[in-house]
Amino acid sequence: MSTTISLHFSRALSILDNNVVLVQLSESSQISTTTIILSDGFHHLDISLLDEIQNIEFYQAIDLASGTRSLKVNVLNQQHKSVENISVPLELVDCSHITYEYVTNRLGEVIFHYLPKHVKINIEAVCMKTKRHAFAEIDTLNYQNITVVLHYDEYDLSDEEYVAI
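By UniProt numbering, the letter at position 82 of the sequence shown is numbered 82, and the numbering carries on one by one without gaps.
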């Protein structure tokens with residue numbers, strides 16, 4: 001399975017993937033759609049669109065990672081109870097400007113989908129009030145589940161807000 005991108009355009013479309021022409025299309029003034037299937041790994045897309053109907057030229061560079069791996073992260077407090085509403089960012093080590101961020105559900109978990117098969121990632125959660133945190137650096141090839149425990153010097157029942165940095 002791979003990542004699919006769909007784009008709508010009315011005149012011309014050009015997409016480069018890691019400096020290699022992926023798509024080069026020119027249509028006759030009608031709205032068209034193209035679907036691109038990306039392989040597992042890192043992609044730097046340069047997208048150029050020309051829409052003569054609305055007289056618009058558009059260019060966008062996009063870095064993304066695509067894949068078939070999922071990673072479930074469970075966040076626990078020191079009493080090993082699930083913690084809800086924790087912001088959990090995930091950063092790809094080799095391409096640190098590509099990040100994902102989700103908030104834990106009522107079970108204290110988040111699931112990151114469509115990760116590359118073999119990539120190192122950083123996960124961090126921080127309690128701003130007590131400055132305690134949990135951190136992990138793992139490889140998606142070896143892990144599909146990870147549990148992190150937020151550590152505190154003193155546990156305070158009123159301390160329920162956690163923010164990731």
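Heads up, the beta-carbon is just placed ideally off N, CA and C, and yes, glycines get one too. Predicted model only: the values in this text are computed from it and were never measured.
>> DSSP has K81 in a bridge; who is on the other side?
In response: For K81, which the question treats as bridged, DSSP gives no partner whatsoever.
> Out of L22, Q78, I62, S26, which has the shortest C-alpha to C-alpha gap to residue 236?
Replying inline: The question about residue 236 has no answer here: the residues shown for the chain are numbered 1 through 165.
> Near D40, what residues of its chain come up, given a Cβ to Cβ distance below 8 Å and the 5 sequence neighbours on each side ignored?
Replying inline: S2, S66, G67, T68, P116, K117
> Helix, strand or coil: which one does DSSP assign to D40?
Replying inline: coil
> Between S82 and I47, what straight-line distance do the alpha-carbon atoms span, to the nearest angstrom?
Replying inline: 42 Å
> Would a C-beta distance cut-off of 8 Å place N74 and T147 closer than the cut-off?
Replying inline: yes
>> Spatial neighbours of S14 within its chain, please: C-beta separation below 6 Å, excluding the five flanking residues on both sides.
In response: Q24, S48
> How far does the beta strand (DSSP E) with L150 in it reach, from first residue to last?
Replying inline: Note, L150: premise wrong, no beta strand (DSSP E); not H, not E.
> If you follow the beta strand (DSSP E) that V72 is part of, which residue opens it and which one closes it?
Replying inline: Note that residue 72 is Lys in the sequence shown here, rather than Val. K72 -> beta strand (DSSP E) spans 69-76.
>> Quick check: what's the CA-CA separation for A61 versus L16?
In response: 9 Å
> Considering only residues of the same chain and omitting the five flanking positions on each side of E57, which have a CB-CB separation below 6 Å?
Replying inline: L50
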